[in-house]
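Protein chains in written order, with full-length UniProt numbering: chain P, 1 to 190; chain R, 1 to 190.
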DNA sequence: ATAATTTTGTGACGATTGTCACAGGATTAG
DNA sequence: CTAATCCTGTGACAATCGTCACAAAATTAT
């Protein structure tokens, strides 16, 4: 739980008492590679703090998998829409490596948040960070070409480019695997 | 303020007392067409509830304006990253029509939220909705081609397609104006 | 009402991308 | 270690898209 506590302190003021009150809402879980954190059709009642390993979210449309996000250590993974509205998830979240997550249970988190303002603020900050991240990647597509998007990732998220395979990254960047391979070739040639 | 109150009630439980407590954080403002709600370089200390009219967010890169979002009646417009972190905004929000907004002041909203859980829940819900919307549009680019994206907007956001001019919409969809014109031609021909 | 400005449509052409196909390299399982 | 599987690179070709240019249409200002 050390990483999580550091993460929380980086976000907001958090007393030891709040930390104690938060405990009932938390549970640690190990996932094998290719194990689902969230399955299409499920309702998402959790925030997944990624302690080690990484996972991705993807839609499956006509049998084709399309990656929409990657979540690494110190990220919160969730389906924010399903989590908030109680609707079924339209996408999957799956471990790409052996993964350890600390799971925030929605119901228990809300109960804990009633008891102290700090937990409430934590929840709000997590959602806000999540929204910022979505905004960042959403913007990428409107501002930049495929080549510039790769460039952006290499500068701003080098870990992603290093850890995620080309095929998987291509899907996230919204281009064909072959295209990304050629973009990379063009770039390194320059 | 009628519209806002309805909007709030659609989101969360809200007593008359909370409504009273919220008032100091609210102010109504009229914007002319092409007036800025938020300017690049400013820190965003507001949530803008759009009462009437609509606005857009856009980046200006090398003199070229790129639209990243449109906000219509009953939407909340803001720079969620700047609002949360206090960093300067990298983009603008500008009225596309004469516009009436009800502005939530960050500082006063936080003070009000300390007094009642309902206001706190309202703030959280606004941010969550905002995150959902970002996620929705972010996903569009990873799942669909330009033509399919237009299709999606026509089905799921017909108001946007109707009210926003082709050139402006093209920028939002990440394609050239000419391309969108041709896509539309192709589609109506079928 | 008229002029000025903005928006849209379209042709031409080169650049980029998607798709199919296949081969070589890397990784994983047994 | 060997076989099977997955991942990556590349050629060919068609489809799509961006850019430039200009004219027509629509909107706005005077």
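Backbone N, C-alpha and C fix where the C-beta goes; we use that ideal spot for every residue, glycine too.
Proximity below 7 Å, CB of residue i to CB of residue j
i                     : j                     : result
residue 134 (chain P) : residue 135 (chain R) : yes
residue 86 (chain R)  : residue 43 (chain R)  : yes
residue 12 (chain R)  : residue 125 (chain R) : yes
residue 96 (chain P)  : residue 56 (chain P)  : yes
residue 94 (chain P)  : residue 73 (chain P)  : no
residue 137 (chain P) : residue 80 (chain P)  : no
residue 141 (chain P) : residue 141 (chain R) : yes
Residue i - containing beta strand (DSSP E), residue span
i                     : result
residue 139 (chain P) : Here residue 139 (chain P) belongs to no beta strand (DSSP E); instead the alpha helix (DSSP H) covers 117 to 143.
residue 60 (chain P)  : 55 to 61
residue 101 (chain R) : 99 to 105
residue 64 (chain R)  : 64 to 71
residue 38 (chain P)  : 36 to 38
residue 30 (chain R)  : 26 to 31
residue 48 (chain P)  : 46 to 52
Residue i versus residue j - alpha carbon distance
i                     : j                     : result
residue 113 (chain R) : residue 75 (chain R)  : 21 Å
residue 147 (chain R) : residue 21 (chain P)  : 50 Å
residue 174 (chain P) : residue 154 (chain P) : 16 Å
residue 128 (chain R) : residue 52 (chain R)  : 22 Å
residue 183 (chain R) : residue 3 (chain P)   : 49 Å
residue 165 (chain R) : residue 25 (chain P)  : 48 Å
residue 120 (chain P) : residue 132 (chain P) : 19 Å
residue 157 (chain P) : residue 23 (chain R)  : 42 Å
residue 82 (chain P)  : residue 36 (chain R)  : 33 Å
residue 14 (chain R)  : residue 8 (chain R)   : 7 Å
residue 108 (chain P) : residue 28 (chain P)  : 15 Å
residue 92 (chain P)  : residue 92 (chain R)  : 34 Å
When the options are compared against residue i, the one with the closest alpha-carbon
i                     : options                  : result
residue 106 (chain P) : P:185, P:157, P:47, P:99 : P:47
residue 63 (chain R)  : P:166, P:143, P:72       : P:143
residue 150 (chain R) : R:132, R:169, R:163      : R:169
residue 58 (chain R)  : R:68, R:104, R:110       : R:68
residue 60 (chain R)  : R:45, R:40, R:49, R:185  : R:40
residue 18 (chain R)  : R:88, R:160, R:28, R:122 : R:122
residue 54 (chain P)  : P:10, P:89, P:99, P:90   : P:99
residue 1 (chain R)   : R:32, R:88, R:38, R:102  : R:102
Buried/exposed call for residue i, threshold 16 Cβ in 10 Å
i                     : result
residue 190 (chain P) : A caution first: residue 190 (chain P) carries a pLDDT of 45, below 50, which makes its placement in the model unreliable, though a value can still be read off. When all chains shown are included, residue 190 (chain P) counts as exposed.
residue 104 (chain R) : buried
residue 5 (chain R)   : exposed
residue 34 (chain R)  : exposed
residue 145 (chain P) : exposed
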